[in-house]
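Going by our numbering, the sequence shown opens with residue 103, and the numbers climb by one from there.
Backbone N, C-alpha and C define an ideal beta-carbon position, used for all residues, glycine too.
None of the values given here were measured: they were computed from a predicted structure.
First up is the structure itself, then whatever we jot down about it.
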Amino acid sequence: MKRWVSVAIVATALMSTTGYAADGVGVCGTIRLGETTVATLQNAPVITLFANGAAITLLLDTGAQTTVLAPDAAERIGARRPRVESSREMQAIAGSLRAHEVELQSFTMGGVAMPLRRVRVAPLYVASAYSVRLDGVLGADTLSSFDIDIDLPGRHLVLYQKQTCAGAAPAWTGPYSRISAGRSLGDHLCFPAQLEGRSIVAFIDTGAQFSVISKRAAAALAITDPVLARDPAMTVLGAAAEQLDGRVHRFSQLAIGTEVIRDPEIGVTDLRLSDADLVLGVDFLQSRRVWMSYGSQQIFLSRVG
Numbered sequence: 103m104k105r106w107v108s109v110a111i112v113a114t115a116l117m118s119t120t121g122y123a124a125d126g127v128g129v130c131g132t133i134r135l136g137e138t139t140v141a142t143l144q145n146a147p148v149i150t151l152f153a154n155g156a157a158i159t160l161l162l163d164t165g166a167q168t169t170v171l172a173p174d175a176a177e178r179i180g181a182r183r184p185r186v187e188s189s190r191e192m193q194a195i196a197g198s199l200r201a202h203e204v205e206l207q208s209f210t211m212g213g214v215a216m217p218l219r220r221v222r223v224a225p226l227y228v229a230s231a232y233s234v235r236l237d238g239v240l241g242a243d244t245l246s247s248f249d250i251d252i253d254l255p256g257r258h259l260v261l262y263q264k265q266t267c268a269g270a271a272p273a274w275t276g277p278y279s280r281i282s283a284g285r286s287l288g289d290h291l292c293f294p295a296q297l298e299g300r301s302i303v304a305f306i307d308t309g310a311q312f313s314v315i316s317k318r319a320a321a322a323l324a325i326t327d328p329v330l331a332r333d334p335a336m337t338v339l340g341a342a343a344e345q346l347d348g349r350v351h352r353f354s355q356l357a358i359g360t361e362v363i364r365d366p367e368i369g370v371t372d373l374r375l376s377d378a379d380l381v382l383g384v385d386f387l388q389s390r391r392v393w394m395s396y397g398s399q400q401i402f403l404s405r406v407g
């Protein structure tokens with residue numbers, strides 16, 4: 103069994119403080135900016151954007167710190183390297199990737215211009231891992247400029263103006279859970295969860311097909327190697343085709359916000375993240391709608407159906 107965990111994860115331990123507008127007053131209220139369709143490809147969410155006027159298909163990946171194009175996609179759209187570049191190395195789940203920057207003349211999603219027009223170019227394994235070749239990944243460096251409403255069951259993503267006040271709320275009419283989060287330097291919105299009654303730190307990763315927890319955190323819950331030896335084997339694949347062996351373990355209870363999930367199956371592997379213990383993947387989002395408010399550092403969850 104092979105599963106994606108994330109593409110180009112870069113995780114750090116420090117959390118930023120809540121952002122505010124220039125006048126010191128938090129921005130509240132939902133202002134809709136645009137919408138795009140989310141397709142599902144082998145249990146992975148993909149979206150179409152336009153870069154330099156050409157359509158590109160990217161994996162929607164909230165677990166990736168940076169937006170990355172495959173080399174052939176960057177060449178196809180005529181992306182050019184800037185005169186001055188930043189760091190050329192990206193960290194993946196079990197290693198690093200050599201990369202370079204390109205500057206786009208235009209970059210839009212759902213008719214909305216992306217404020218970030220510099221992206222990375224690297225030979226991502228994910229580009230050729232699916233039945234349809236992808237052009238790269240859309241990461242948190244782009245997504246964090248907005249409040250994002252991700253509805254995988256409804257197959258759409260809506261961009262809203264970023265809210266920065268503590269009273270931020272989604273534009274939903276039904277009930278939902280409000281979860282306070284911290285924002286890591288890797289642009290993960292990390293939040294507390296309860297697994298087997300023990301507090302752990304989690305984040306939502308739409309680039310992961312399957313939810314996983316680190317072996318270190320699992321061991322603290324008495325899920326040791328002898329216990330895992332009785333569980334089904336799995337292989338976790340990373341951005342550079344690196345592989346991590348793991349096991350799929352059935353836990354008794356996972357609590358997130360006001361929601362309690364009974365008997366969740368979670369992969370256990372040697373995941374080395376400094377900002378979280380648990381990565382919640384697409385399996386968690388299949389029946390849920392999530393609103394990620396990067397400015398107010400909150401996550402809202404609503405069940406669908």
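{"Asked": "Can you name, in chain order, every residue of its own chain whose Cβ lies under 6 angstroms from the Cβ of A215, other than the five neighbours on each side?", "Found": "none"}
{"Asked": "Leaving out five residues before and five after T138 in sequence, what residues of the same chain have Cβ atoms less than 6 angstroms from its Cβ?", "Found": "I149, M211, G212, L259"}
{"Asked": "So, at 7 angstroms on beta carbons, what are the nonlocal neighbours of N145 in its own chain, with the 5 sequence-adjacent residues on each side left out?", "Found": "Q311, V384"}
{"Asked": "The beta strand (DSSP E) with V329 in it runs from where to where?", "Found": "Careful: V329 lies outside any beta strand (DSSP E), inside the alpha helix (DSSP H) at 327 to 330."}
{"Asked": "Counting C-beta neighbours from all protein chains within 10 Å, is the total for S395 16 or more, i.e. buried, or is it exposed?", "Found": "buried"}
{"Asked": "Classify C130 as buried or exposed, calling it buried when 16 or more other Cβ atoms lie within 10 Å of its own Cβ.", "Found": "exposed"}
{"Asked": "By the three-class DSSP mapping on this structure, what secondary structure does F152 have?", "Found": "strand"}
{"Asked": "Buried or exposed for G165, please, with buried defined as at least 16 other CB atoms from any protein chain shown within 10 angstroms of its CB.", "Found": "buried"}
{"Asked": "Roughly how many whole angstroms lie between the Cα atoms of E205 and L171?", "Found": "11 angstroms"}
{"Asked": "If you compare alpha carbons, which of T168, A319, L245, T169 is closest to V381?", "Found": "A319"}
{"Asked": "How big is the Cα-Cα spacing for D163 and A141?", "Found": "13 angstroms"}
{"Asked": "Using a threshold of 7 angstroms, state whether the C-beta atoms of A175 and G241 are closer than that.", "Found": "no"}
{"Asked": "Which residue or residues does DSSP assign as beta-bridge partners of V73?", "Found": "Absent from the model: residue 73. The displayed extent of the chain is 103 to 407, so no value can be given."}
{"Asked": "Going by Cα to Cα distance, which pick from V314, V303, L297 is closest to D323?", "Found": "A quick correction: the sequence has Leu, not Asp, at residue 323. The option with the nearest alpha carbon to L323 is L297."}
{"Asked": "For R183 and E203, which I take to be in contact (beta-carbon distance under 8 angstroms), what is that distance rounded to the nearest angstrom?", "Found": "6 angstroms"}
{"Asked": "So, G348 versus V370, is the Cβ gap smaller than 7 angstroms?", "Found": "yes"}
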